[in-house]
Amino acid sequence: MHQFDKVEMYVYTTPEDAEAEHQRLLDWEKQWLTSLELPFRVVDLASGDLGSSATRKFDCEAWIPTQGKYRELTSTSNTTEFQSRRLSIRMREGKKVRPLATLNGTLCAVTRTIVAILENHQQADGSVRVPEALRPFLGGREVLEPVAR
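Just so it is clear: in the sequence shown, position 21 is 21 by the UniProt record's numbering, and no numbers are missing.
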């Protein structure tokens, strides 16, 4: 079994608004990674790399120095009406009933994000510079120091 903690995003919308909502989810992911001061890139996956439900998917990949490559941290998929049709989820517009579009994304895969922060913000002495966005949650600390044994 594979288990990890993550923060997921879900959108139910009209098919006409699905692409705009997809961009909104991607923008949130980019804002999140930027706030963590991580070097990252956005990959618009090729159709052959998509699962059966998605019509478009973006991955945000952060640079992992010890691996010398970018690794996926977040993703967002537009599944259009695929999931709502399979689950019989419909929307009503006046007297008309029709399937809606569903989108989903991972805003934060916690363990992977911690790895990216540690690797990209570690200093020569082993301490880790805390990204400004996280400082209020760590009592204002700017640096995490290794514990001497």
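No residue lacks a Cβ here, since even glycine has one placed at the ideal position from N, Cα and C.
- Relative to the Cα of glutamate 19, the nearest Cα in the group Arg129, Glu81, Gly94 belongs to Glu81.
- Rounded to whole angstroms, the gap between the alpha carbons of arginine 85 and valine 147 is 54 Å.
- With distances taken between CA atoms, serine 35 lies nearest to Thr113 out of Ser127, Val143, Thr113, Gln123.
- Cα atoms of leucine 25 and glycine 105: separation of roughly 7 Å, rounded to the nearest angstrom.
- Going by DSSP, lysine 57 is part of the beta strand (DSSP E) stretching over 56-64.
- Of the residues assessed, threonine 74 falls on the buried side of the cut-off, its CB having 16 or more other CB atoms within 10 angstroms.
- Here glutamate 119 has Ile64, Pro65, Thr66 as same chain residues with Cβ atoms under 7 Å from its own Cβ, once five neighbours each way along the sequence are excluded.
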